[in-house]
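Engineer: The structure that follows is given in the form of structure tokens.
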Amino acid sequence: MAWLAVVPALSFAQVIGPQLPDTIVEGAPDYTAWDRVATRAERSLESGAVSTFALDRLRAELAGWRDQFLDAQSLNASRIATVRAQLDALGAAPADGETEPLAISTRRTELNGQLNRLRSPVILAQEAHTRSNGLIGEIDAVMRMREAERLTTRGATPADPANWSLAITAIWQGLSAVVVESKAKFATSYKNGTIWSDLFGAAGLMILVSVGLFWRSRAWVMALNRQVTERNLRGADVWKFVVSLGLIALPYIAVLLLTEALAATQILGFRGTTILSALPTAAMYVIVGRWLSMQFFSVIEGEKGPLCMSADDRLRGRRILQRLFWALAIGAVMVAVVGVGDTTGLAGTVVLFPIELVASVFLFQFGRLIVHHCKDGDDPEVYRNRIISVLGQAVTIVAVLSPLLAIAGYSSGAQALLYPTVNTLAVLAVVLLLQRLVLDLYVMLTGAVDTAAEALIPVLIGFALLLLSVPLLALIWGAREADLLEVWTRFREGFTLGDTRISPTDFLTFVVIFGAGYAMTRFVQGTLRSTVLPKTKLDIGGQNAVVSGLGYLGIFLSAVIAITTAGIDLSSLAIVAGALSVGIGFGLQTIVSNFVSGIILLIERPISEGDWIEVNGQMGIVRDISVRATRIETFDRQDVIVPNADLVSGQVTNWTRGSLAGRITVRVGVAYGTDTKRVEAILREIAEAHPMVVICPATNVLFVGFGADSLDFEIRAVLRDVYFSVVTKSEIHHAIAERFAAEGIEIPFAQRDIWLRNPEALHPRSDQDPET
């Protein structure tokens, strides 16, 4: 803002001079009016004497201008894109010392001039947006500093007995003023003859209705709740929760009717009506406190509530919570009473101190109850219990710290801790109840009682409810609506990626286009898998390869189309991506190798799903081939994940590639002296008699050698289905044992003769005592 001191007489329009008319287009902001507003804001900030209310109004005005400038940054966007495309079509500009044809050079100059004229309003909008954004940031900083000063400024302590008389006087003056005004109003109405119509007219009827509604509302709700329980309706918990809301709605409607009725009589006067206006707030504290206590600390035997407490703890929790909210309700009424007769603000602080002290005691008891429950619970390691325990400890600390701050004179800081803490507990309690309601709704709609707790949808909805409560919690803890709007504005502005600003609209466009492309890809994959490919001559492995390849191609094209449609320009990130790719290549070379190997497997198909393979000592059936690894199910029903690089670069045995036929080898030995030709004929007869052995090629029976203990033979037979090789071997072994036993052919076993060099060592010598 130093330039204001240098050229105070120059306005924004005078500074930009003759360029302004060339930049004015349809839909552009009024920069002259904007300059006046911005100059006024800068001078207000320099003075430092503007009130917080005026600064807030000024900030709202600046925020409106900032929105205009944000929208103006998209002016001429289509034309700018077209001109840039034309410049790209002309090619790169010649380097120093080089020339290009005159026609191209002339055209390039014309297009550059046109581009500059089109971008002028955009540049002006960007500059004005930056200026407004900076001014808004300065105003926010000033307001935050003032709020911090208010909370940290020490005042008179409410514990000082010298201030008690001031508080008593304020209460007396407030009540006296109400009585005086009420008497005057009553006398005037009586004198005018309207007293009976005021008391027993429409206002009187409203009072009767409100009293009856307040008196019978609890009985009506309980009766309806009993009907829901007796009828055993589906989703009874949901209906019970909906019915319980009547405990809030009906009494609060009764309080509103009573307030409106008393205000309509005009008997209480202006100050009495002011105090009466605090009644709905106080009643809401009591009503909501009672409802929350009944929801969390159920009075029904067997219902432990969301915190799963015992009956004694639930009774204690109900009493503490209801007393806490009663204290807050009394405080709300006393603020209204003292506010009528208090002119300094000190009396209100003194009057509220004992009420806040009592509320702090109840808050401390509530925090200790939660911490004690979470420590002594059946499952203290549950994550939710740990969170609740931390929350209880924080509540306990606030309950101790708040009165100490008030006694020290920091009453504003004490109130800024106590009341937001209680309101935060109420909001979190409502969120927890709504999460339980979502779970009950899921059970009612799906009927999945056993799996509802592990379902994903209730968890996501519960998390969304927690996120939605964040703005409300921010407001409770002192955030202004302008602060929340600022966060939303920052979100709308988006973020810069390269030379492109990505806004939420762009991101939403990307998500929608990519989601549509992904859904279309899955639909085409499903159609091919179920309808088209089964009618072709491709085997199962080839069909899976086609479907998988189409899926990867569809996802890639969907991403490219979504990025292009959203207008995201990633060209400026090419250098960074190139630099990162080197490091990523070294760090992820194994993953990349497996990915490429997976593509090779899907294209060449040396193995397919359902094949029986053996790799790295593992044997089993291929169940799934992905781009990174292949899943093999062993014959022990275990899943083995094999990296694709091992299948491409290593040795793989595919037992069923191209055909299910496979050869088995059965070895057997007979005793020396047996007729070998007879053994060969018997073995051939046994093998050819088995139904799984094929005739062509013929079975071979080989006399393979003279073993140490037997004459060794081998049966080499081809099976029609290699999956039955183990069973076939077992059946052939049984047949051989049975046939050899019938033919008297001996199957030998290993025998060894032992020769001792000194057998006399096993017997004692004659000259020695046998006892030794």
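Just so you know, we're using my numbering here: the sequence shown kicks off at 867 and counts up by one. We treat Cβ as the ideally placed atom computed from N, Cα and C, and that holds for glycine.
Just the C-alpha distance for residue 879 and residue 902, rounded to the nearest angstrom, thanks.
Structural biologist: Low local confidence applies: a pLDDT of 40 at residue 879 is under 50, so the model's placement there is unreliable, with the coordinate-based value given in what follows. So the alpha carbons of these two residues sit roughly 10 Å apart.
Engineer: Between the alpha carbons of residue 996 and residue 924, how many angstroms are there, rounded?
Structural biologist: Going by the C-alpha atoms only, they are around 17 Å apart.
Engineer: In this structure, how does DSSP classify residue 1509 when only helix, strand and coil are distinguished?
Structural biologist: strand
Engineer: Where does residue 1535 sit, in a helix, a strand or coil, going by DSSP?
Structural biologist: strand
Engineer: Give me the Cβ distance between residue 1075 and residue 1109, rounded to the nearest whole Å; I'm assuming they're in contact under 8 Å.
Structural biologist: At roughly 22 Å, the Cβ-Cβ gap does not stay under 8 Å, so residue 1075 and residue 1109 are not in contact.
Engineer: Roughly how many angstroms lie between the CA atoms of residue 1128 and residue 1139, to the nearest whole one?
Structural biologist: CA-CA distance, residue 1128 to residue 1139, rounds to 8 Å.
Engineer: Name the residue from 954, 1041 and 1158 whose alpha carbon lies nearest to the alpha carbon of residue 1296.
Structural biologist: Answer by Cα proximity: 1158.
Engineer: CA-CA distance, residue 1569 and residue 1582?
Structural biologist: 11 Å
Engineer: Out of curiosity, what's the CA-to-CA distance linking residue 1403 and residue 1472?
Structural biologist: 17 Å
Engineer: Kindly identify the DSSP beta-bridge partner or partners of residue 1485.
Structural biologist: Note: residue 1485 sits in a beta bridge opposite 1480.
Engineer: Relative to the C-alpha of residue 1309, which candidate in 1101, 1340, 908 and 943 has its C-alpha closest?
Structural biologist: By alpha-carbon distance to residue 1309, the top candidate from 1101, 1340, 908 and 943 is 1101.
Engineer: Measuring only the C-alpha atoms, how far is residue 1196 from residue 938?
Structural biologist: 52 Å
Engineer: Report the residue from 1083, 1277, 952 and 1339 whose alpha carbon sits nearest the alpha carbon of residue 1017.
Structural biologist: 1277
Engineer: How would you label residue 1619, buried or exposed, when you count the other beta carbons within 10 angstroms and need 16 or more for buried?
Structural biologist: exposed
Engineer: By Cβ distance, which residues of its chain are closer than 7 Å to residue 1506, with the 5 residues on each side in sequence left out?
Structural biologist: 1484, 1486, 1498 and 1500
Engineer: Express the C-alpha separation of residue 1333 and residue 1001 in angstroms, rounding to a whole number.
Structural biologist: 30 Å
Engineer: Tell me whether residue 1402 sits in a helix, a strand or coil according to DSSP, three-state version.
Structural biologist: coil
Engineer: Tell me which same chain residues have a C-beta within less than 8 Å of the C-beta of residue 1597, skipping the five on either side of it?
Structural biologist: 1556
Engineer: Between which two residues does the alpha helix (DSSP H) containing residue 1306 stretch?
Structural biologist: 1277-1312
Engineer: Taking only the alpha-carbon atoms, compute the straight-line gap between residue 1184 and residue 927 and give it to the nearest angstrom.
Structural biologist: 48 Å
Engineer: Candidates 1540, 1117 and 1085: which alpha carbon is nearest residue 1154's?
Structural biologist: The residue with the shortest Cα to Cα distance from residue 1154 is 1117.
Engineer: Can you check whether the CB of residue 1526 is closer than 8 Å to the CB of residue 1588?
Structural biologist: yes
Engineer: According to DSSP, is residue 1331 helix, strand or coil?
Structural biologist: helix
Engineer: For residue 1345 and residue 1396, I'd like the C-alpha separation in whole angstroms.
Structural biologist: 57 Å
Engineer: Quick check on DSSP: helix, strand or coil for residue 824?
Structural biologist: In this structure the chain extends from 867 to 1638, so residue 824 is not present and cannot be described.
Engineer: Under 8 Å, Cβ to Cβ, is there at least one residue of chain C near residue 1472?
Structural biologist: The structure shown contains no chain C, having only a single protein chain.
Engineer: Within 10 angstroms of the Cβ of residue 1571, are there 16 or more other Cβ atoms? Answer buried if so, exposed if not.
Structural biologist: exposed
Engineer: Mind the definition here: the region 1173-1180 touches the region 1217-1226 only if three or more C-beta pairs lie below 8 Å; say whether that holds.
Structural biologist: no
Engineer: Suppose you measure from the CA of residue 1247 to the CA of residue 1305; what does that come to, to the nearest Å?
Structural biologist: In this prediction, residue 1247 scores a pLDDT of 48, lower than 50, which makes its location untrustworthy; no coordinate-derived value is stated.
Engineer: Could you please give the first and the last residue of the uninterrupted alpha helix (DSSP H) stretch that includes residue 1567?
Structural biologist: Residue 1567 -> not in any alpha helix (DSSP H); beta strand (DSSP E) instead, spanning 1566-1572.
Engineer: When DSSP labels each residue in this structure, what does residue 1393 get in the three-state scheme?
Structural biologist: helix
Engineer: Can you tell me which residues form a DSSP beta bridge with residue 1098?
Structural biologist: Residue 1098 pairs with nothing; no bridge assigned.
Engineer: With DSSP run on the structure shown, which of helix, strand or coil describes residue 1148?
Structural biologist: helix
Engineer: Which one or two residues does DSSP pair with residue 1520 in a beta bridge?
Structural biologist: 1479
Engineer: Mind the definition here: the region 1141-1153 touches the region 1089-1106 only if three or more C-beta pairs lie below 8 Å; say whether that holds.
Structural biologist: no
Engineer: Whole alpha helix (DSSP H) runs in the region 939-975 with 4 or more residues, listed along the chain?
Structural biologist: 943-956
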